[in-house]
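**Q** Numbering (the working numbering), first residue to last: 4 to 269.
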Amino acid sequence: MKAKPTVLITGASTGIGAVYADRFAKRGHDLVLVARDLARLETLSERLRRETGANVDILQADLTDEVELARVESRVREDARIGILINNAGASAAGGFADQTPDDVAKLISLNTTALTRLISAVTPRFIEAGAGSIINIASVVGLAPEFGLTVYGATKAFVLFLSQGLQLELGPKGVYVQVVLPAATRTEIWERSGRDVNALPAVMEVEELVDAALVGFDRRESVTIPPLPDADQWKAFDMARQLMIPNYAQVHAADRYQPEKALAS
Ligand SMILES: NC(=O)C1=CN([C@@H]2O[C@H](COP(=O)(O)OP(=O)(O)OC[C@H]3O[C@@H](n4cnc5c(N)ncnc54)[C@H](OP(=O)(O)O)[C@@H]3O)[C@@H](O)[C@H]2O)C=CC1
Ligand SMILES: N[C@@H](C=O)C(=O)O
Numbered sequence: 004m005k006a007k008p009t010v011l012i013t014g015a016s017t018g019i020g021a022v023y024a025d026r027f028a029k030r031g032h033d034l035v036l037v038a039r040d041l042a043r044l045e046t047l048s049e050r051l052r053r054e055t056g057a058n059v060d061i062l063q064a065d066l067t068d069e070v071e072l073a074r075v076e077s078r079v080r081e082d083a084r085i086g087i088l089i090n091n092a093g094a095s096a097a098g099g100f101a102d103q104t105p106d107d108v109a110k111l112i113s114l115n116t117t118a119l120t121r122l123i124s125a126v127t128p129r130f131i132e133a134g135a136g137s138i139i140n141i142a143s144v145v146g147l148a149p150e151f152g153l154t155v156y157g158a159t160k161a162f163v164l165f166l167s168q169g170l171q172l173e174l175g176p177k178g179v180y181v182q183v184v185l186p187a188a189t190r191t192e193i194w195e196r197s198g199r200d201v202n203a204l205p206a207v208m209e210v211e212e213l214v215d216a217a218l219v220g221f222d223r224r225e226s227v228t229i230p231p232l233p234d235a236d237q238w239k240a241f242d243m244a245r246q247l248m249i250p251n252y253a254q255v256h257a258a259d260r261y262q263p264e265k266a267l268a269s
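(1) According to the neighbour-count rule (16 or more other Cβ atoms, all chains shown, within 10 Å of its Cβ), is Arg224 buried or exposed?
(2) Is it buried or exposed, His32, if we count other Cβ atoms within 10 angstroms and call 16 or more buried?
(3) Got a sec? Which residues, its chain only, sit under 6 Å from Lys29 by beta carbon, not counting five neighbours each side?
(4) According to DSSP, is Val75 helix, strand or coil?
(5) Going by beta-carbon coordinates alone, are Ile89 and Ile139 separated by less than 8 Å?
(6) By DSSP's criteria, Asn90 is part of a beta bridge. Which residues make up the other side?
(7) Would you mind giving the Cβ-Cβ distance between Ile19 and Leu213, rounded to the nearest angstrom? I have them listed as a contact below 8 Å.
(8) Can you tell me whether Ser77 is buried or exposed, with buried defined as 16 or more other CB within 10 angstroms of its CB?
(9) Would DSSP call Ile193 helix, strand or coil?
(10) Around the Cβ of Ala285, are there at least 16 other Cβ atoms within 10 angstroms (buried) or fewer (exposed)?
(11) On a Cα-Cα basis, can you pick out the residue from Ile123, Leu153, Ala216 and Arg199 that is closest to Gln171?
(12) State the Cα-Cα distance for the pair Ala216 and Pro230, rounded to the nearest angstrom.
(13) How about the segment 10–18 and the segment 188–208: do they share at least three Cβ pairs that are nearer than 8 Å?
(14) Could you give the distance in angstroms between the alpha-carbon of Arg260 and the alpha-carbon of Ala266?
(15) Just to confirm, are Ala64 and Leu51 a CB contact at a threshold of 8 Å?
(16) Start and end of the beta strand (DSSP E) containing Thr13?
(17) Taking only three categories from DSSP, how would you classify Gln103?
(18) Rounded to whole angstroms, what is the Cα-Cα separation between Phe151 and Leu185?
(19) Which same chain residues, not among the five before or five after Ala57, have their C-beta less than 7 Å away from its C-beta?
(20) So if DSSP puts Leu170 in a beta bridge, which residue, or which two residues, is it bridged to?
(21) Secondary structure at Gln182, three-state DSSP: helix, strand or coil?
(22) Should Tyr180 go down as buried or exposed, given a rule of 16 or more other Cβ atoms within 10 Å for buried?
(23) Can you give, in chain order, each stretch of the beta strand (DSSP E) that sits fully within the segment 28–56 and has at least 3 residues?
(24) If you run the structure through DSSP and keep just helix, strand and coil, what is Thr228?
(25) To the nearest angstrom, how far is it from the Cα of Leu11 to the Cα of Ala96?
(26) Which whole-angstrom value describes the C-beta separation of Ala24 and Leu41, a residue pair presumed to lie in contact below a C-beta threshold of 8 Å?
(27) First and last residue of the beta strand (DSSP E) that includes Gln63?
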């Protein structure tokens with residue numbers, strides 16, 4: 004029987020990534036776990052080896068560090084057993100845009116977008132060659148809602164959504180499946196790490212429920228999975244409205260409302 008693909012998960016030391024690790028190990032996959040906290044990665048990998056018999060490798064890396072990121076890129080580029088890449092590592096930042104320093108902002112962009120994109124870029128040629136492979140990108144509903152006030156974080160998640168949708172169009176026909184997952188507030192350390200009190204939120208999903216729901220979407224080969232959204236038709240209508248505008252962008256002239264003579268008259 005053909006071996007199940009190995010799953011490389013970034014941000015696997017805790018939270019959403021650690022639950023993905025648990026679920027894929029229980030489904031019979033070997034794992035490569037990536038994060039900075041070696042002790043936590045070891046504790047998790049020992050448990051998963053013991054409980055499931057999975058082979059679990061650890062890659063300790065700070066994905067905002069170019070040299071350490073390059074090691075993870077080499078691994079996904081060269082290890083032909085890795086057939087599923089889960090780009091989960093991510094962080095938020097305390098305060099609003101004006102409270103965040105240029106360094107805070109750069110670090111957030113580097114982790115949430117640059118590292119994620121570089122890993123996809125490293126793995127893609129191999130997946131295309133194989134005509135198979137899956138990429139799961141963890142975005143956020145915050146990427147759809149500037150109203151939440153997490154401006155740079157939300158912008159990175161909007162990037163992840165757009166990137167994933169573009170990759171679905173480009174790589175889908177080549178046999179590569181790309182899923183983007185948009186959780187809403189989920190009980191993990193991200194809140195405390197970014198100076199927010201999770202208990203002050205109006206509704207919080209437990210992390211196991213979030214991951215199990217995202218995996219239902221994965222098994223259905225959904226392109227966009229929004230576990231907390233009760234009515235899937237709302238997303239479909241939103242995406243359809245976007246697509247309906249596309250043919251209207253091809254114009255030789257600016258719209259009437261921007262014609263200077265008409266603008267003056269109105
Ligand atoms: N929880 C929520 O409410 C929501 C979360 N998300 C997204 O889900 C993903 C997972 O977040 P969540 O589990 O909640 O957060 P956690 O803070 O619980 O976990 C984040 C994970 O990313 C790792 N990580 C953080 N910084 C780095 C780094 N520089 N290099 C490598 N690994 C790093 C952490 O490990 P270590 O510290 O060991 O490096 C940890 O394993 C993120 O992309 C987040 O944006 C989306 C919507 C809602
Ligand atoms: N993790 C949250 C923000 O910090 C979210 O994406 O809802």
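Note that CB positions come from ideal geometry on N, CA and C, so glycine has one too. No experiment lies behind these values; they were computed from the predicted model shown.
**A** Working from what's here:
(1) By the neighbour-count rule (16 or more Cβ atoms within 10 Å), Arg224 is not buried but exposed.
(2) The residue is buried, with at least 16 neighbouring Cβ atoms inside 10 Å.
(3) Cβ within range, chain order: Thr55.
(4) The answer is helix: DSSP assigns Val75 an H, G or I state.
(5) Yes.
(6) According to DSSP, which records beta bridges pairwise, Asn90 is partnered with Asn140.
(7) Their Cβ separation, rounded to whole angstroms, is 7 Å, which keeps Ile19 and Leu213 in contact under 8 Å.
(8) So Ser77 ends up on the exposed side.
(9) The answer is helix: DSSP assigns Ile193 an H, G or I state.
(10) Since the first residue of the chain shown is 4 and the last is 269, residue 285 is not available in this structure.
(11) For the residues Ile123, Leu153, Ala216 and Arg199, the minimum Cα distance to Gln171 belongs to Ile123.
(12) Answer to the nearest angstrom: the Cα atoms are 6 Å apart.
(13) Judged by Cβ distances under 8 Å, the segment 10–18 makes contact with the segment 188–208, as three or more pairs qualify.
(14) Between Arg260 and Ala266, the C-alpha separation is close to 6 Å.
(15) The Cβ atoms of Ala64 and Leu51 lie no closer than 8 Å to each other.
(16) For Thr13, the enclosing beta strand (DSSP E) covers residues Thr9 to Thr13.
(17) Here Gln103 sits in coil by DSSP.
(18) Using only the alpha carbons, I get a separation of about 14 Å.
(19) For Ala57, same chain residues with a beta-carbon under 7 Å away, outside a window of 5 residues either side, are Ala28, His32, Asp33, Leu34 and Leu51 in chain order.
(20) Residue pairing by DSSP places Leu170 in no beta bridge whatsoever.
(21) Note: Gln182 maps to strand in three-state DSSP.
(22) With 16 or more Cβ atoms within 10 Å of its Cβ, Tyr180 is classed as buried.
(23) If one requires a minimum length of 3 residues, the beta strand (DSSP E) runs lying completely within the segment 28–56 are 34–38, in chain order.
(24) The three-state secondary structure of Thr228, taken from DSSP, is strand.
(25) Going by the C-alpha atoms only, they are around 25 Å apart.
(26) Between the beta-carbon of Ala24 and that of Leu41 there is about 15 Å, and that puts the pair past the 8 Å contact cut.
(27) For Gln63, the enclosing beta strand (DSSP E) begins and ends at Val59 to Gln63.
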